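See structure below.
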Amino acid sequence: QVQLVESGGGLVQPGGSLRLSCAASGRILSVNYMGWYRQAPGKERELVARITSGGNPNYADSVKGRFSISRDNAKNTVYLQMNSLKPEDMAVYYCKLQDGSWNNYWGQGTQVTVSS
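Start counting the sequence shown at 49; every next residue gets the next number (the working numbering).
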């Protein structure tokens, strides 16, 4: 079984920054990608950013130029640097790992609150 542990959420003022981390552990033979999704109240979960094992990232249009995803393959850890945060970025952020057998694993979520 694979476990994902997220950290780094919290309260930040508009224009501020946060860095999320997600560490994967357990039986991980190979990884297709790791990424971050978010879900705001009353909305569906949406992709924020993800990065392949080869290091290729892709981002939601709403976060391009503000968020940056990176990964430490040796530690099976993915990071999300969030800059210039806006109130509309407020959501629960979930880490996701898809392994080489196309199994999907999710973290428990971390709350990001953007408010003055």
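Quick reminder that beta carbons are idealized off the backbone N, C-alpha and C, glycines included.
Keep in mind it's a predicted model, so treat the numbers as computed, not measured.
Where GLN84 falls, given that 16 or more other Cβ within 10 Å makes a residue buried: The sequence given here has Trp at residue 84, not Gln. TRP84 is buried by the Cβ-count criterion.
Residues sharing a beta bridge with LYS144, DSSP: Bridge partners of LYS144: GLY83, TRP154.
For MET130 and TRP150, the rounded distance between their alpha carbons: Inter-residue distance for TRP150 and MET130 is about 27 Å (C-alpha atoms, whole angstroms).
Cβ distance (whole Å) where LEU68 is taken to contact TYR141 below 8 Å: 6 Å
Assigned secondary structure, PRO62 (DSSP; H/G/I helix, E/B strand, else coil): coil
Cβ pair GLU94, THR158 closer than 7 Å: Not closer than 7 Å, so no.
Cα-Cα separation, LEU128 to GLN49: When only Cα atoms are considered, LEU128 and GLN49 end up about 24 Å apart.
DSSP state of ALA97 mapped onto helix, strand, coil: strand
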